[in-house]
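Numbering (the working numbering), first residue to last: 6 to 242.
Note that CB positions come from ideal geometry on N, CA and C, so glycine has one too.
Small disclaimer: the values here were computed from a predicted structure and weren't measured.
Below, the structure written as structure tokens:
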């Protein structure tokens, strides 16, 4: 809710030409004075909310490894943030297919100057869908932790594809990559989440080997207790 409200206040209400916030623009969108324009603006809000929520969900893992005492209490939110981000992505995709492409395969694949961005979006959504379906403990038991973990790690690939989609769709031959300032913040948030993952890989942090460990915070290097401290309570499942 906070993400959506902030996007409405600082993204939707932003006037590109005046380069300032224009509350009347937000009122016009929310009042559906021009229904088509309002729906397209809200569709952009859904897209940015999806990128923002998925970015935070994916960043929590690396941040917990780097700063366990600070971010361990928030590890619980990784799953609900990821699922909510996927819901926004699905809503954005459904509207875009109906509004921009008119459910026409030819317009999607053959007469599409933004074909790279379209394919990136489809692949990203498929990965997020698979991750969402396999987000339960029973899925871990069926797949086995190594396969399940590999699937969840693909979330970073999904985010990278979403960034590519974002960049391609918001770039034109005249203005280049032109995004409202608050929208650019979400773009860089996704880049930061990907950079954190690359840093953890470069640092060579120990890989988790079980689902229980996946739900737990890493111990500080000077900790004396051999067992990791679990961030979740039993009611999580």
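>> Tell me which residues share the same chain as residue 84 and place their Cβ nearer than 7 Å to its Cβ, disregarding the 5 neighbours each side in the sequence.
In response: 140
> What are the partner residues of residue 26, as DSSP defines its beta bridges?
Replying inline: 19
>> Quick check on the DSSP output: the alpha helix (DSSP H) that includes residue 39 runs from which residue to which?
In response: Note, residue 39: premise wrong, no alpha helix (DSSP H); not H, not E.
> Would you report the Cα separation of residue 8 and residue 14, rounded to the nearest angstrom?
Replying inline: 10 Å
> residue 20 to residue 10, Cα distance in whole Å?
Replying inline: 17 Å
> How long is the line joining the alpha carbons of residue 183 and residue 172, rounded to whole angstroms?
Replying inline: C-alpha separation (whole angstroms): 9 Å.
> With which residues is residue 177 paired in a DSSP beta bridge?
Replying inline: 181
>> Give me the residue from 76, 98, 22 and 72 with the minimum Cα distance to residue 50.
In response: With distances taken between Cα atoms, residue 50 lies closest to 98.
> Nearest CA to the CA of residue 153: which residue from 16, 135, 102 and 169?
Replying inline: 135
> Considering only the beta carbon of each residue, do residue 125 and residue 166 sit closer than 7 Å?
Replying inline: yes
> Who are the Cβ neighbours of residue 88 in its own chain at under 7 Å, not counting the five residues just before and after it?
Replying inline: 137 and 140
> Shortest alpha-carbon distance to residue 163 belongs to which of 63, 25, 179 and 31?
Replying inline: The residue with the shortest Cα to Cα distance from residue 163 is 63.
> If we ignore side chains and look at the alpha-carbon of each, how far apart do residue 241 and residue 206 end up?
Replying inline: Bear in mind that the predicted position of residue 241 carries a pLDDT of just 37, short of 50, making it unreliable; the figure below should be weighed with that in mind. Approximately 29 Å, taken between the alpha carbons.
> If you scan the segment 124-165 from start to end, which runs of the alpha helix (DSSP H) of 4 or more residues do you find wholly inside it?
Replying inline: Entirely contained in the segment 124-165, the alpha helix (DSSP H) runs reaching 4 residues are, in chain order, 142-148 and 150-158.
> What is the residue span of the alpha helix (DSSP H) that residue 108 lies within?
Replying inline: Counting along the chain, residue 108 falls outside any alpha helix (DSSP H), and DSSP gives it neither H nor E.
> What number of angstroms, rounded off, separates the C-alpha of residue 187 from the C-alpha of residue 194?
Replying inline: 11 Å
> Straight-line CA distance for residue 174 to residue 132?
Replying inline: 20 Å
> How many angstroms separate the CA atom of residue 66 from the CA atom of residue 122?
Replying inline: 27 Å
> Where do the ends of the alpha helix (DSSP H) carrying residue 209 lie?
Replying inline: No alpha helix (DSSP H) contains residue 209, which DSSP labels as neither H nor E.
>> Quick check on residue 178: buried or exposed, where buried means 16 or more other Cβ atoms within 10 Å of its Cβ?
In response: exposed
>> I need the straight-line Cα distance from residue 86 to residue 191, nearest angstrom please.
In response: 15 Å
> Is residue 48 helix, strand or coil by DSSP?
Replying inline: Here residue 48 sits in helix by DSSP.
> Which class does residue 191 belong to by DSSP, given the choice of helix, strand or coil?
Replying inline: Secondary structure at residue 191: helix, using DSSP grouped into helix, strand and coil.
> If you run the structure through DSSP and keep just helix, strand and coil, what is residue 91?
Replying inline: helix
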